[in-house]
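Student:
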Amino acid sequence: MKLFRGLSGLALAQRSGPGGIVSADRLSANGKNVLLIERGPPSKRRWGGRRRGRWLENSNLTRFDVPGLWFKVSMLFLDFVVVANISKPQSLDWDSQFPDSWKAEDLSAATDRAFERVPWSSVPSSDGILYNREASDLITKGLISDGWTTVEANSEPNAKNKTVSQSEYFFQHGERRGLLETYLVSAVARGNFKLWMNTLATRVERNRDSVTGVQVEPSGDGGYNGTVKLAAGGRVIISAGVFGTAKILFRSGIGPKDQLDVVQKAEPEALIDSAQWIDLPISHNLDDHLNTNVVFEHPDIVNYDFNSAYNNPIPDDAAAYLNTSGIAAALGLGKTSRGRVTINSSLVMDVSVLPYFNDDGNHDFEAVVATVSGVVKAISSIPGATMINPVPGQEVRDYVRNLEFNAGRTANHWVVTTRLGTDSALEGGKSVVDLNAQVYGTRNLHVVDAVILNGVFTANPQAGIVIAAEKVAEAIIKLHG
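Here the sequence shown is numbered in the working numbering, starting from -11 and rising by one per residue.
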């Protein structure tokens, strides 16, 4: 058993996502002793990653470094995560979903810090050229002809009504960068910071309302096993995503009774006594963007074989990189359908209720129909474009209604399940964590990741998680002294 001795500050439980990395950096910079526990193996070459296609073997890159190999990355539930999109939230993302002191104005300083630390680019190639633009240029022209306007989204984050923008990414010099090249680099340079990889945080140990340690087990070579004990004044931050965070909390005796009953039957000797359970509505209110694909063909669009590019890219493209179509309409901010994640007898997490089209009044469905109708109208106006889905003559309403809810329609932007607010669920409210992201009913347990975002944002929520982590880290520093 490997143990990190002398821990007197904060243990950050699984995983090195946006919330965990930002918290680790900010708190270690403040002089706190920090242990960051990461479930997965290293991804980027800088951190010891080695997974890559043959054409990258003589480079210092892995598949996680190369933006064009996104499809190989997105097929995994990444732990040592490499996030790509950095869309600055609009004010309504905060103002319409969060309590006082978490409004856009309150988050302005945290937003500035986040975007100063993590530069973004809408032109990710190192030569300043945008490639494979045929489809996006056609779509943009169609939308503009239908009354849309072009903006640079991060320069005008509140311009979200019929606007189109080039995507913004955590890319620099043609490589994925982001938090692993900024926040984590500065954290690792400090003597009071430790990083464990291939180590799974399974539960927190606690004595009633006080967390006393974190149980871990190896998830790969070199992983740690045992219990990390907190010194007096220590705190634990869980940053394991919607599924991982709920699982850790359930296995720690925190959550709805029906879920804790499942865990108790699965591991009766390990779960804390039921007299110390904390009954909170973790797992409810699950939210996600719903994608609805609109597919068309046009003679100017050239398909690029990204699957073959992993091992056998076009030689000229590989040389150019080393030496240097469809559209998805997503239902986002304002949707009210909600789902639930649950744990089964094998301790595997599952989406038991999908957060799509189950709202009173059917407003989410109507919003998707209206959006898709507008996109279809714009694309149909493009000379030479032929609609494939929906097929010509098919009513958009019928097309949307008949689409199946499957993995292809989720954006994997899972949020909420650990609602943030002042109305504690222990006192008849709905919130699981307070304004400092501290779990109600505990003295020193925090949650900092997508689960504390109270609904989907207009765009990708990654920037929102980074901003929230900046704010929570500041609050914890004040609490910790």
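Quick reminder that beta carbons are idealized off the backbone N, C-alpha and C, glycines included. Please read these numbers as outputs of a predicted model, since none were measured by experiment.
Among Y428, V439, A461, S419, which one has its Cα closest to the Cα of P87?
Tutor: Along the sequence shown, one-based indexing puts residue 87 at 99. Ranking Y428, V439, A461, S419 by Cα distance to P87 puts S419 first.
Student: Where do the N-terminal and C-terminal ends of the alpha helix (DSSP H) with D246 fall, by residue?
Tutor: For the purposes of this step, residue 246 is identified with residue 258 of the sequence shown, where counting begins at 1. 245 to 254 is the span of the alpha helix (DSSP H), which, as asked, contains D246.
Student: Applying the 10 Å Cβ sphere with the 16-neighbour rule, what's the burial state of I260?
Tutor: Locating residue 260 in the sequence shown gives position 272, counting from the first residue. When all chains shown are included, I260 counts as buried.
Student: Count the other CB atoms, across all protein chains shown, that sit within 10 Å of the CB of Y119; report buried if there are 16 or more and exposed otherwise.
Tutor: By 1-based counting over the sequence shown, the position of residue 119 is 131. Exposed is the call here.
Student: Determine, using beta carbons only, whether I127 and I367 come nearer to each other than 9 Å.
Tutor: As a first step, residue 127 is located in the sequence shown; it is residue number 139 there, counting from the start. As a first step, residue 367 is located in the sequence shown; it is residue number 379 there, counting from the start. Yes, the pair counts as a contact, with Cβ atoms nearer than the cut-off.
Student: Does the segment 446 to 461 come close enough to the segment 237 to 254 to have 3 or more Cβ pairs within less than 8 Å?
Tutor: In this structure the segment 446 to 461 does not touch the segment 237 to 254; the number of beta carbon pairs closer than 8 Å is below three.
Student: How big is the Cα-Cα spacing for A102 and T137?
Tutor: Here residue 102 refers to the residue found at position 114 when the sequence shown is read from its first residue. Here residue 137 refers to the residue found at position 149 when the sequence shown is read from its first residue. Roughly 27 Å between the two C-alpha positions.
Student: Counting along the chain, where does the beta strand (DSSP E) carrying P206 start and finish?
Tutor: Taking the first residue of the sequence shown as position 1, residue 206 is located at position 218. Where P206 is concerned, the enclosing beta strand (DSSP E) stretches over 198 to 206.
Student: Does the beta-carbon distance from R431 to D197 come in below 9 Å?
Tutor: Locating residue 431 in the sequence shown gives position 443, counting from the first residue. Locating residue 197 in the sequence shown gives position 209, counting from the first residue. Yes, the Cβ-Cβ distance between R431 and D197 is below 9 Å.
Student: What number of angstroms, rounded off, separates the C-alpha of G211 from the C-alpha of K253?
Tutor: Numbered from 1 along the sequence shown, position 223 holds the residue referred to as residue 211. Numbered from 1 along the sequence shown, position 265 holds the residue referred to as residue 253. When rounded, the distance between both Cα atoms is 27 Å.
Student: Assign N281 to one of three DSSP states: helix, strand, or coil.
Tutor: Translated into the one-based positions of the sequence shown, residue 281 becomes position 293. N281: strand per DSSP, three-state reduction.
Student: With a threshold of 8 Å, are at least 3 pairs of Cβ atoms found where one atom belongs to the segment 428 to 444 and the other to the segment 225 to 234?
Tutor: yes
Student: Do the segment 167 to 187 and the segment 11 to 18 make contact, defined as three or more Cβ pairs closer than 8 Å?
Tutor: Touching, yes.
Student: To the nearest whole angstrom, what separates the beta carbons of L408 and V427, a pair I think is in contact under 8 Å?
Tutor: Looking up residue 408 in the sequence shown gives position 420. Looking up residue 427 in the sequence shown gives position 439. Actually they are not in contact, since the Cβ atoms of L408 and V427 sit about 11 Å apart, beyond 8 Å.
Student: Give me the Cα-Cα distance between I331 and L342, rounded to the nearest whole angstrom.
Tutor: For the purposes of this step, residue 331 is taken as the residue at position 343 of the sequence shown. For the purposes of this step, residue 342 is taken as the residue at position 354 of the sequence shown. Near 15 Å, if we compare the C-alpha coordinates of L342 and I331.
Student: Among R389, N281, V460, G429, which one has its Cα closest to the Cα of L423?
Tutor: Along the sequence shown, read from residue 1 onward, the residue named residue 423 stands at position 435. Closest by alpha carbon: V460.
Student: To which residues of the same chain is E383 closer than 8 Å at the C-beta, ignoring the five residues directly before and after it?
Tutor: For this step, residue 383 is matched to residue 395 along the sequence shown. Once the five neighbours on either side are set aside, E383 has no close Cβ partner at all.
Student: Straight-line CA distance for N390 to D134?
Tutor: By 1-based counting over the sequence shown, the position of residue 390 is 402. By 1-based counting over the sequence shown, the position of residue 134 is 146. Approximately 27 Å, taken between the alpha carbons.
Student: Could you spell out the range, first to last residue, of the alpha helix (DSSP H) harbouring D13?
Tutor: Here residue 13 is taken as the residue at index 25 of the sequence shown, counted from 1. In the DSSP assignment, D13 falls within the alpha helix (DSSP H) that extends over 6 to 17.
Student: Which residues in the same chain have their Cβ closer than 7 Å to the Cβ of A457, if we skip the five residues on either side of it in sequence?
Tutor: Translated into positions along the sequence shown, residue 457 becomes position 469. P6, G7, V10, S11, V436.
Student: If I'm right that Q203 touches T215 with Cβ under 8 Å, what's the distance once you round it to whole angstroms?
Tutor: The residue given as residue 203 occupies position 215 in the sequence shown. The residue given as residue 215 occupies position 227 in the sequence shown. So it is a contact: roughly 5 Å between Cβ atoms.
Student: Once DSSP output is grouped into helix, strand and coil, what is the label at H272?
Tutor: Here the question's residue 272 lines up with position 284 in the sequence shown. The answer is coil: DSSP assigns H272 none of H, G, I, E or B.
Student: I'd like to check one pair, N346 with G322: are the Cβ atoms closer than 9 Å?
Tutor: Indexing the sequence shown from 1 puts residue 322 at position 334. Indexing the sequence shown from 1 puts residue 346 at position 358. The answer is no: Cβ separation not under 9 Å.
Student: Report the residue from P378, Q264, E462, E93 whose alpha carbon sits nearest the alpha carbon of F284.
Tutor: Against the sequence shown, residue 284 aligns to sequence position 296. Ranking the options by Cα distance to F284, first place goes to P378.
Student: Do you know offhand how far D125's Cα is from V250's?
Tutor: Here the question's residue 125 lines up with position 137 in the sequence shown. Here the question's residue 250 lines up with position 262 in the sequence shown. C-alpha separation (whole angstroms): 52 Å.
Student: In angstroms with no decimal places, state the Cα-to-Cα distance between K60 and D276.
Tutor: Taking the sequence shown and counting its residues from 1, the one referred to as residue 60 is at position 72. Taking the sequence shown and counting its residues from 1, the one referred to as residue 276 is at position 288. Interpretation of K60 is limited by its pLDDT of 45, a score under 50 that renders its predicted location unreliable; the figure taken from the coordinates is listed afterwards. If you take the alpha carbons of K60 and D276, they lie about 22 Å apart.
Student: So, does the CB of G452 fall closer than 9 Å to a CB anywhere in chain C?
Tutor: Judged by its chain identifiers, the structure shown contains no chain C, having just a single protein chain.
Student: Along the chain, which unbroken stretches of the beta strand (DSSP E) at least 3 residues long are found entirely within the segment 407 to 437?
Tutor: 433 to 435
Student: Within 10 angstroms of the Cβ of S262, are there 16 or more other Cβ atoms? Answer buried if so, exposed if not.
Tutor: Numbered from its first residue, the sequence shown carries residue 262 at position 274. Its Cβ having fewer than 16 others within 10 Å, S262 is exposed.
Student: Less than 9 Å between the beta carbons of I470 and I455, yes or no?
Tutor: Absent from the model: residue 470. The displayed extent of the chain is -11 to 469, so no value can be given.
Student: Around the Cβ of P145, are there at least 16 other Cβ atoms within 10 angstroms (buried) or fewer (exposed)?
Tutor: Along the sequence shown, read from residue 1 onward, the residue named residue 145 stands at position 157. Counting Cβ neighbours within 10 Å, P145 comes out buried, since at least 16 surround it.
Student: If you run the structure through DSSP and keep just helix, strand and coil, what is T99?
Tutor: Stepping through the sequence shown from its first residue, residue 99 is reached at position 111. Three-state DSSP puts T99 in a helix.
Student: Note the first and the last residue of the continuous beta strand (DSSP E) segment covering R328.
Tutor: Your numbering for residue 328 matches position 340 in the sequence shown. Taken as a continuous stretch (DSSP letters only), the beta strand (DSSP E) holding R328 covers 328 to 331.
Student: Considering only residues of the same chain and omitting the five flanking positions on each side of L471, which have a CB-CB separation below 7 Å?
Tutor: Nothing can be reported for residue 471, as the shown portion of the chain is limited to -11 through 469.
Student: Taking the continuous alpha helix (DSSP H) assigned at E140, which residues delimit it?
Tutor: Stepping through the sequence shown from its first residue, residue 140 is reached at position 152. First-last for E140: undefined, no H or E at that position.
Student: Under DSSP, the beta strand (DSSP E) around L23 begins and ends at which residues?
Tutor: As a working note, residue 23 is residue 35 in the sequence shown. Residues 22 to 25.
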